[in-house]
Each structure stands twice: as C-alpha cells, then as structure tokens.
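Everything on this sheet refers to the single structure shown next.
Protein chains in written order, with this note's numbering: chain A, 712 to 1248; chain B, 442 to 729; chain C, 71 to 680.
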C-alpha cells in the first residue's frame, strides 16, 4: 500500500485494530489523507486532514476526479478495457474545477489537488470509509463517487489497492452473506432470479416468495400503512437506533405483534409481546462470523447462557418445529454450515474442518483447494474482461436534507467514542475509566457567540424535537459544526433530534447531518436539571 | 497484475549451530534458527508480536569472531556464522541475568518457563545478599481504576508494555521508561494516575507482560480472594462482537465464567492486540 | 502524530512558552491551519521534528528552573510528542529536574575521583552550610583545576567555577561568580608556545572568539585545501595518514569516512562527539574553549569529504564556556560563508547544529548519542548495524571525537606523509593526555605517540612533594589501574594493547600512597551505577551489585567471600551488556583487585586504619 485515504471514518476510535495496520502502512511510507469535517484522532495520524463541509463528499470526490482527469493522471488502459461510461463521466465532472470544489466543500484547492495527484500517482492506493459516507441521504451515491476515483486510476482489484468499507458489527458482512437482505438469498444470489430460486427451493424443499422484500425503512413505512402488523426483531434495537426514534417507537407501539429475540432487555424488547432471551453470539454460541475483509471465522461458546437464554439456532429450530416443520430436526452449527456450502458457491470450499484448521478464510472460496481471496474484482484486470465492466456513475452532489436556516443554524453530526458501542446496550455496564459521558461538542467561536461554557446544560432542538445536553468545547472544531456520540440514550436521547431523512437506495438514515439550535436554559431550569441528571447518573 | 503476492523464494544461508552445519532462511534471526533446529532458548523481552528490543540479554549466544555475546533474538544470521548456544560463557551470562533479576524483582508470578530455566542454569539469586540489604524494586501495588493493576515490584523492565502501548501496536504512548539506571521504571508523565493519563485501556500492555507486573483487576481480585486457579481455566477462541474487523478473542474461563480476555499473537488481524471494547466489554455480561 | 492527551493541570507560563518556541523556531512550525480546514503534518512531520525535544527541554529547564508539567505539555503540544515519552526523556538526564527549584541557582560540585582527592566533599559541606542548593556531580571535566563547580542557573547562562593557580575553590568564589555572572577564565595549557604543538598550538595564544585572528593564524587554510582536493582525495589522505579515533576505540578514521561516503544517494551526517564525560578527561574541553574555530573548520572538512549536508556537534551540557564559544564560532563561520548553502565557494551545502547534552555519561556512546539527538532516551542501540550505514536518524553517519577531527586539519594541510612523520609507525601523530591527581602541573599535554607514562608524569612536573606513586588510573573509569612498574610503558596503541590496558580517552590520573583506593574504586563503581542507562539487565543490576560488594568490602567484608560474585558480575557485564559502558564497568575494579589495591586497604580497615 503506497497511499491510503480515510474518508468519513474515524477508524482510530471505531476500528482500532484495523487502524493499527493503517498506521504500519503510514510508517512504512504510505502517503495518507483523512477527509472528515472534524480533525479526528484518525486525522492526526495522516499526512493531511481535509476538513470538508458535512455532506459535500460527492462534491469533493467529483472535484478530485476532475483534477485527476485534467492533470492526465488517469489509467487509460484500465478505463478503456474495464469500465463503461467514461466519456459521459468526464463531461459530467467538468464543472468541478478546484476552485468550484473548494467553494462547495470548504477544503482549500491546494489540498484537493494534493489528494488528487497523490492518490492517482501512487502505485497502489486504498480508500477506506465507514458511516461518514453511508449515513447520508446520498449514502449510496457517496460510495459510487468514491468508486469513480478507483476506476479512474485503476486502484481496484489489485494487491494493495481497493475500496474498503469498514463494517460496524462483527457479522454485518456475514448477515448479508447468509441472505439476511430483502433482495438476496444466501451467497448474494438474487431473490428475483428464477434459476436461483429454483435451486434453493429444491435444496430447501419449500417455496420462496419471488419478490424482493422490504428494507428497514420500507418496513416502517409499511407499518405506517398498516400493511406490516407483526415483526420479529432479532438482535436489533430500533426503538433507540432509528434516526427518528419518536416515529419508530410509535410504529412499533401500534403493531399487532412484536417479538424480540435479544441478549438484552432493550427498549425495543420492553415494548415486545414476546421476548425470546438469546445467548450471546460471541461467547455463548457456536457458529461463524464474517469480518469486513470477508474472512469467515469460527465463533465458539465459552460459557453457558444465563437463565432461560438459549443459542439462537436452537430457538429457531424450535420455532420451525412449532410451526409444523418436522424435517428440521436439531442441526448443529456445523451441520448448518455444511448445508450452506452446498447452496452458496462463494463458500463452497470452506469446510468446517478448514475453518477450524486455518482460523479464517476469505470468500470467494469456491473449492476445497482454493486458498480464499484477499481481494475482489481481480477480473477487471483480465483481458478481455470477463463479465460486466465496471460503470462510472454520474452522481450529483446534494446537500443534507435537513437544511441549515436562521432557526436551526448549526450542523450536528454523530460520532463514536473508543470505549462505547452504538446505543450503549453492550458497553454501558463495564467500568471504563475513559468514559466521559455525553456532551454536545461545539467550537470555541460558537460557544462564545452563544455565551455558553463547558459543562453547561442547554436545550438542543431540531425540527423534530428537543433534548437537554451538556456543552463541551472543542478547540479544533470548525465553526458551525457540533458533534455528539449517541452511546448514552439514558443521558441524552440524541436520536430524538437527528434527521429523519433516509437514503432511498439503502434505507440508511442521515445520522450525520442534522440542523440544530442551542438555547441557554434559565437558572431554575438548570438547577432542576442538574439535580435530575445527578440522581440519574 | 491480478496475482496475490507469492512467497518470495527464500535464500538459505549456511551456519554452524552448536557444531552442526545447518541451512536457514536469510533474514532469520539466530533465535529463529535455534527454534527451527529445536534448540530451546530462553527469552524474556522477546515476543513474536513485538519488535525485538534485546534488553534482557537472557537469549545471548556466542558467535565466533564477536568480542562479546550477541542477543539471538535480534541478530540476523550471516553466511558462515559459527554459533554456540551452550558454552560456559553463555551459561554464565544467562544464569547471571536470572540471578540479577530475581535478586531485585519479585518473580513468583513469572511465566512457568522462567522458573524452569532458572533451575536449568542453577541460578542462586540469594547469593547477591539479603533482600533487606540490597537494592530491589519493592514498592506498593498501584490500583487506580477498575480495570488495571500495576505491581511494579514484579517489573523486570522488559519494555514489552511500552512497545505494545507505543510503536508496536497501540500507538498511544501512555507509558514510557522514565528515570535511569536502576531507577529506570515504567511511568506515565509525572507519574500521573492511569485514568489521568493518555491510557485508553486496550490492555495490550497486560497482554504482553511476562511476570505478572501488569494484570487485569479481575485477576488481581481473584488472587487476593484466593480463587484464581489457572490449572482449571479453559481457553476458547472466538470473534469479538464490537465492530467488523474480526478480532479473535481468547476467552479464559473458570467455573463457567469469563475471567480474562486475550488474543492470539499469531492472528493475522490482531497480532495479539485488542481495544478496550474487546478486552473489557465482556464485563457487561459478567455483571448483568 | 498520535491523538495526544495532555494531563497537566497548570498551563505553561508565558516564559516557558516563549523559551520553547524560541528554541525550536529555526526549524519552522508544523503546518496547522485548522481554520482553513487543512492540516499538513501527521506522523511523518512529527517524526521529523522530534529531534527538537532536547533543545525544548533545555529551554524549559533554563526558563523555569525545572521541567514543569505545564511546560512539558506545551513542548509536547508544539512538537507532537507524547507526554509520557517526553517525561521519559526528561528524567533520563541529571541536569533536568522535576520538582519546583529550591533556589535560582543549583551548584553542581564534582565529587568524582580526582576532585575527591582535593577536598570536594568538604566544599560540598561548606556550600550547604552557606545555604546554597548543592548537588554532588560526576566528573565535570575540570580535573586540572579541581575541585570543580558548575552553577546551573534559572533564566541566565550557566557558569563554571574552578580553582585557579593550584588554590581551592571556596564558598566565596562561588558567590562572586554568581554575582558577576562570569565563569572562571579558561586556563591555558602548560606547554603554551611550544612549537611542537599541533592540536594545542592556538590555545591561549589566539583569541578564541575572533574568526579574524583564527584566519590570521592559519585558520581555514585546511578547508580551502580540502575543497581544492575534493572529498575522495581528502579521505585518501586521512586514510594514508593512519589517523585513528581518539575517543577510545581507535578505529581508522579514513576507513570510517570512506564507508559513509560510499552510501551515495542517502542523506548522510557528520557528528562530532564532544560529550566528553569519561572521569578524568578534559582535553576536548581545552580545544573547544581555547580554539573553537579549529573544530568548526575540521567538521566542515569532514562533512564535505563524506558528502554530508548536516553536521551535529553534541557537547556535554556541563561545559557552558565551550558551548558559548562554539555557538559563537558557528555563527561567525555561517556569517562568513564558511557554513551554509555554499561553503567557502565550493557550491556545497554544510551546516552545523549544536546540541548540548544534559548530564548523561552514556550519551558519549555513539548510538546513545544518536538517540539523544533524535529526542529519545539516550539508550545505546545494539550493533550491528553500525553508524556507517545506520546512524543518526537511521542514516549513514560518521561520528568522530573532537580530538580526532582536529587532527584532520594537520593531515590536510601538511599531507599524510608529514603528518605520520611523528609518532610510531602504528600510532602516527600526536596525542593529548589529561594529567591529574598527584602531579605538580595537572593539565592537557600533547606529545608524540611513543612517549612513556613516566615521560608524561615528568612533563607534568612529577609527583607532588612528598608523594610516592601508588598507582595510575589509565584511560579513565572505563580504563584500568597500573602500577609503578608501568612507568616505562610507551603510550601507543600497540604497546598498551599488548600490555592489556587501554589509552581510552587519554586519562592519566596519579594516586599516591595516602589515597584511599577502596573508596576510589567504590566511587568508580558508584559512577557506573549512576550512569548506567538502565536498559539491559547485566548493566542495570550488575553495576548495582558490584557497588554493593565494594561497599561491603569498605565495611570490612572478607574479599575472598565476594570474589566469586565479583568474577561472575564482571563476566556477565563484560559479555552480555549492550554497550561499552556495561562492558567496561568492571575493568577498573578488576584491575584494582588484581593489583591488590582492594585487599591491602581492606586489611588496613580491619586494622582500624580509617
């Protein structure tokens, strides 16, 4: 790896062990940039920090693309043979001059130029991203705009180069691989493909609905329309984690039937008609997890689950039996896996035995003598390219939907702390000496303008609601930008004020860009609050 | 352009190891060569997931043509090198290193092999003088939070924790060697407490400590209560649940309870290192 | 650099901030423009600036009289160094303190072996009684005018206070120096005006602060000649001259230079090791105080020869006068175009950065010196790799002692043949020796190689009245004791090697029959215990155990009971230590043991002798 771009990711906090590897690369001489509205911990390790305006990632990517093209730094052979739509793309990004891009993104033109040239001329280069890219109403477009950069320069499908989305949970990738997606069957095979369905129907001896299902956003819309009346939630806490939690809670409330299968008594579980206590995946269950690099690894039960909790395989087996299917029997994790291999070609070569012996194997691994694949898309370098060529995408820069106004002049973005995880369900109970609780971080300039001081309780409002929070002042924060974690819903129910905009393509909410205002509380109000917070803590 | 890197064909160099001519890959250390050839070699400051600092000197060997003994952990083999791993000089130095350490440091919780080697070389630390009459690193244990315990009277100053906190893994640099000579010690800046320092509680320092100077509070408490029993503990390898990186966890369990979490040092993702969530997140479940 | 965390409760004072900012200002700020949404810096930039840590720490100590938590945090912020690491560096050096100062002035009094002979301990008592803030110090490099005092001052330049004309420093002398802010003037050399002098010819004769006078007395002719010769030819001459290192290891200088010059395409460095800290050694100080331009010129010749653009002069912090003179000489040379982007019209760049140590003998070890310059703890590195390929900043480096470098001027000016015409075949040229202890005229002497130990003692006026020679410490604390039977030993590399002793840094410290040798040897052991960096076990614990044995002997323990332990300690320190400090820490003790110096005195004690 000769260059690495950390785009919309604070991996230092959210993916610390992955970032160890990035630092090694930097120390070995790789050039490095961080693109983030904040000068994060991650940014401090890289050669340059480019502090763009929240939600202008596509603009920046388009500007970088135009500069790469204008400077003649494209990989023409790759573009000619492995991509489509180049001419159209060139014309599309033409308006994105350095000056225009600088104006839109707030990043100085020289820095954009440096990124474009550094990325394009590096022999190998990677772009890594996380939720700073995807938690926007343009999330999918954001990703495509980054893909464009890789296609322009041929930084894909080769050792040391590539596009690296970092997964938030240990088995997000595996969940998708297994078919826990509305439009895919196991092994990313299309639900609406008749041949695929026929294969699965033969293997499973059942009929599979021929239409794609709903994604999470669509499910809530369906609840709104009263089309969805019963929900079985496994290991998810939408009553706390949805962007517009008020709406989500209302929808869950009005269901006819809510079943929650979880390790914890979450807010969602508390609303449920039936709670199925589950064993912890990583410590109390046998199975596999697939990480961000598509590495399938074994999870093993080390301790028995408490009380009535059970391994989820067992719960689902029993449910199947109660629903009248006697053919399931009581398969083990290994038996499940071995069946999976027969229907998912990309897992075909990963026997249970190999997973035990080799520790981890990266898919695709079609046959038992296949070593697994450290990277994807190598086919783009075959001549002629086998299969579909990679398309350039002409994606428009569209600012966040929750626009700044006189009433809501500040941009709020959500971030993650090193020692906490998502809504805190799994991390609030251990005693972390570095936990500082929730605070709304504001810039020095904004704090002065508002007349607030660090530690002061304030009212934070958005178009959706208002909550009380404690102010923190951050030296290096850009003017007009605020941020907070959302790990402590008990202290500050941040998702009550975050944006309810979603990306229609992915269903992901725009957590990264809300418009807010901050109001001081009068003294009585503050005293009352301090007392309440003190008692609650 | 589509090929993954294949192993570079290794050049072999010929060396003489304890009288036997052997061929080992160029670039390997003398220690690598010893292990390859089945020659047991003691180490203290060496670990497979850390850059060798060669400070403990217990792995020294005699190399023909070298005025002094050389640390096998860091010296690469060279063609024609003639190495003796069990000469009188080697034995004396190794024995003395153990005697010097054991006379100044509490070694009772050091890895088992340390004690086996001390016996092997006939170390007699007591001949340095009575503990009360000679310099030692005896001092009170530091318990400053709910996760870590630092018991520096067990510290042999192997630098492993500093390496793991700094350049070799975590890059936090919360601790460093301070002071000089016999007063050299591991410290935060101005000896501020760990919660006041840059420490992010990844536990990687504890993971590499060979002598029990750094322990998890859970282990410390169980030891105080007399319930810590490594002989009945089991270790299960699984995958951490706190992000998508896929760190392997080794769950150490005793009586169906997790008592400690480590990571395999040869795992391609972690190289033995974890973050605070992977290292301590389990306590959520232990406490609930 | 990392996501740093700062723990100090109190902020740095304005004085501390200004001092740090000024100390590092020459090297430019890190590009931080948060307001413009761009920061250029990161880990690579922080690494490039790490070497400014030591100057920043000096600035803090000078400004506030200690390294305060707030001050350290400020330095760490601007240099992006983790505070714990910076604290580790700061606590490595004796001249940095970590508590608020008890007084504006800290008086360091040398209580090392030479000064101890002439009343250092009494002086310490007297100063303390007089209300001064006193610290006992290892050798301050002023043995020819013992006992020596160095005053470390808050907000003002440090001072050297020494005896003059054979007198002894009194409390009043220290007070006068502090009031006036003037160091005791440098003494000249006993051989002043001797036409045979090569290295010391200008000392006491030519104004050390005047570039003009230096040039008028033949200065900078060697640089001119070497520019005309070209680097390869200069190296060839140095090689042909047979010049070898004067720091103790006696490695052939030309071969070292050739090795570095051959590393083409990589940045190269020339380092002058002026961290003269071996107890009993003060010869380099005499050159640096008395003829600073000669060192600057010699470094320039060397730098150009090996293809280095940057020279580093690392001088021990206890030499305030030499530091001032050298800083002045470097500035004057730079102004005159003799350093900088176009050295003396050669079209080549070379400049010198002066770095001062802060009280650590180990930093005279070459790789420890590199770490010290780089802003890390002065812990030696394992060798190989050697400095020639992996030196300062991991880059090819020629590191030479002051005396070695100054010899180069004679080689270039006179040619290798003329240079080698004096001395012996295998030890060509002249050598500086530091005579101290029980001689009439202690001082730095320059003689042709081949002079015997006896010749040098005679040159120094022989033993003081009523003294009978007991033993000579040859080569310093890392050297060995020799007896009267060695007076005929020619002090050449070959003869000393054959005799199993070492010239080391040229120390000849003379003891007579009245001197307490067990105490002297114990002080040497204490020196190594205090100066061990603490990195490797054999030295860190071995030096402690060795001193403990000597303390026990001093209290009447039976030598035979301790002999096996002393042998084993010597074996492990010599064989398994990382660097020369540990490897030689038992040398003097062993030689004293072999000569019976310990046994005899021990018997004396048993007989109620003390």
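From the three backbone atoms N, C-alpha and C, an ideal C-beta is built for every residue, glycine too.
Remember, it's a predicted structure, so these values are computed and weren't measured experimentally.
Within 8 angstroms of chain C by C-beta, residues of the segment 1068-1082 of chain A in sequence order: From the segment 1068-1082 of chain A, no residue has a Cβ closer than 8 angstroms to chain C.
Interface positions of the segment 706-718 of chain B facing chain A (Cβ-Cβ less than 8 angstroms), listed along the chain: Of all residues in the segment 706-718 of chain B, the ones placed with a Cβ closer than 8 angstroms to any Cβ belonging to chain A are 708, 709, 710, 711, 712, 714, 715, 716, 717 and 718, in chain order.
Rounded separation between residue 716 of chain B and residue 154 of chain C - CA only: If you take the alpha carbons of residue 716 of chain B and residue 154 of chain C, they lie about 20 angstroms apart.
9 angstroms Cβ cutoff, residue 721 of chain B in contact with chain A: True, the Cβ-Cβ gap to chain A drops below 9 angstroms.
The segment 467-482 of chain B contacting the segment 514-532 of chain B, beta-carbon criterion three pairs below 8 angstroms: Contact between the segment 467-482 of chain B and the segment 514-532 of chain B is present, because at least three Cβ pairs lie under 8 angstroms.
Selection from C/335, C/478 and C/630 that minimises the alpha carbon distance to residue 306 of chain C: When C/335, C/478 and C/630 are compared, the shortest CA-CA separation from residue 306 of chain C is found for C/478.
Residue 647 of chain C in three-state terms, based on DSSP: Coil at residue 647 of chain C, not helix or strand.
Limits of the unbroken beta strand (DSSP E) element including residue 1230 of chain A: Segment 1225-1231, the beta strand (DSSP E) holding residue 1230 of chain A.
Proximal residues of chain A, C-beta to C-beta of residue 493 of chain B below 9 angstroms: The contacting residues do not exist; residue 493 of chain B stays about 17 angstroms from chain A at best.
Buried versus exposed, by CB contacts within 10 Å (16 or more), residue 392 of chain C: Flag for residue 392 of chain C reads buried.
Residue burial classification, residue 609 of chain B (beta-carbon count within 10 angstroms, cutoff 16): Here residue 609 of chain B is buried. Its C-beta has 16 or more other C-beta atoms within 10 Å.
Amino acids of chain A, ordered along the chain, whose beta-carbon sits closer than 7 angstroms to that of residue 73 of chain C: By Cβ distance, chain A contributes 723, 752 and 755.
Residue 525 of chain B in three-state terms, based on DSSP: Residue 525 of chain B sits in a strand when the DSSP states are folded into three classes.
Coil, strand or helix - residue 726 of chain A by DSSP: Coil, per DSSP.
Per-residue burial, residue 446 of chain B [other beta carbons within 10 Å of its own, 16 or more giving buried]: At residue 446 of chain B, the pLDDT of 47 sits below 50, so the modelled position is not reliable and the matter cannot be decided from this model.
Range of the contiguous alpha helix (DSSP H) that encloses residue 973 of chain A: First-last for residue 973 of chain A: 968-973, but that is the beta strand (DSSP E), not the alpha helix (DSSP H).
Cβ shell of residue 980 of chain A (< 7 angstroms), same chain only, five flanking positions each side left out: Only residues of its own chain outside the window of five on either side were considered, and among them 971, 973 and 986 have a CB closer than 7 angstroms to the CB of residue 980 of chain A, listed in chain order.
One or two residues paired with residue 421 of chain C in a DSSP bridge: Beta-bridge analysis with DSSP links residue 421 of chain C to C/380.
Cut-off 6 angstroms between Cβ atoms - residues of its own chain near residue 743 of chain B, not counting five sequence neighbours on either side: Any question about residue 743 of chain B goes unanswered here, given that chain B covers just 442 to 729.
Euclidean distance between Cα positions of residue 794 of chain A and residue 832 of chain A: C-alpha of residue 794 of chain A to C-alpha of residue 832 of chain A: approximately 19 angstroms in a straight line.
Any chain C beta carbon closer than 9 angstroms to residue 724 of chain B: Chain C, which has no Cβ nearer than 9 angstroms to the Cβ of residue 724 of chain B, makes this no.
Beta carbon of residue 501 of chain C nearer than 9 angstroms to that of residue 624 of chain C: In this structure, residue 624 of chain C does not lie closer than 9 angstroms to residue 501 of chain C by Cβ.
Terminal residues of the beta strand (DSSP E) in which residue 1123 of chain A lies: Here the beta strand (DSSP E) through residue 1123 of chain A covers 1121-1125.
Interface residues of the segment 533-550 of chain B facing chain C [CB-CB below 7 angstroms]: From the segment 533-550 of chain B, only 533, 534, 537, 538, 541, 542 and 545 have a Cβ closer than 7 angstroms to chain C.
Residue 45 of chain C versus residue 533 of chain C: straight-line alpha-carbon distance, rounded: This structure does not reach residue 45 of chain C, given that chain C is present from 71 up to 680, and the question cannot be answered.
Local conformation of residue 951 of chain A per DSSP, three classes: Looking at residue 951 of chain A - three-state DSSP - the assignment turns out to be helix.
Under the three-state DSSP convention, the category residue 195 of chain C falls into: Helix, per DSSP.
Pair within 9 angstroms by beta-carbon distance, residue 318 of chain C and residue 348 of chain C: Yes, Cβ-Cβ distance for residue 318 of chain C and residue 348 of chain C is below 9 angstroms.
Cβ of residue 111 of chain C within 9 angstroms of any chain A Cβ: Chain A contact via Cβ: present.
Alpha carbon of residue 499 of chain B to alpha carbon of residue 142 of chain C, nearest angstrom: Residue 499 of chain B and residue 142 of chain C: Cα-Cα distance of roughly 36 angstroms.
Residue-chain proximity (residue 182 of chain C, chain B), Cβ-Cβ < 9 angstroms: Residue 182 of chain C does not count as touching chain B.
Chain-ordered neighbours of residue 577 of chain B on chain A, where CB pairs are closer than 9 angstroms: Within 9 angstroms Cβ-Cβ: nothing; residue 577 of chain B doesn't reach chain A, min ~30 angstroms.
Where the alpha helix (DSSP H) containing residue 496 of chain B begins and where it ends: Secondary structure note for residue 496 of chain B: it is in no alpha helix (DSSP H), with a DSSP letter that is neither H nor E.
First and last residue of the uninterrupted alpha helix (DSSP H) at residue 597 of chain C: DSSP places residue 597 of chain C inside the alpha helix (DSSP H), whose first and last residues are 587-601.
Residues, ordered as in the chain, of the segment 106-139 of chain C that lie near chain A by beta-carbon distance below 7 angstroms: Those residues of the segment 106-139 of chain C that come within reach of chain A (Cβ to Cβ, closer than 7 angstroms) are 106, 107, 108, 109, 110, 112, 113 and 114.
Extent of the continuous beta strand (DSSP E) run through residue 1022 of chain A: Residue 1022 of chain A -> no beta strand (DSSP E), and no H or E assigned at all.
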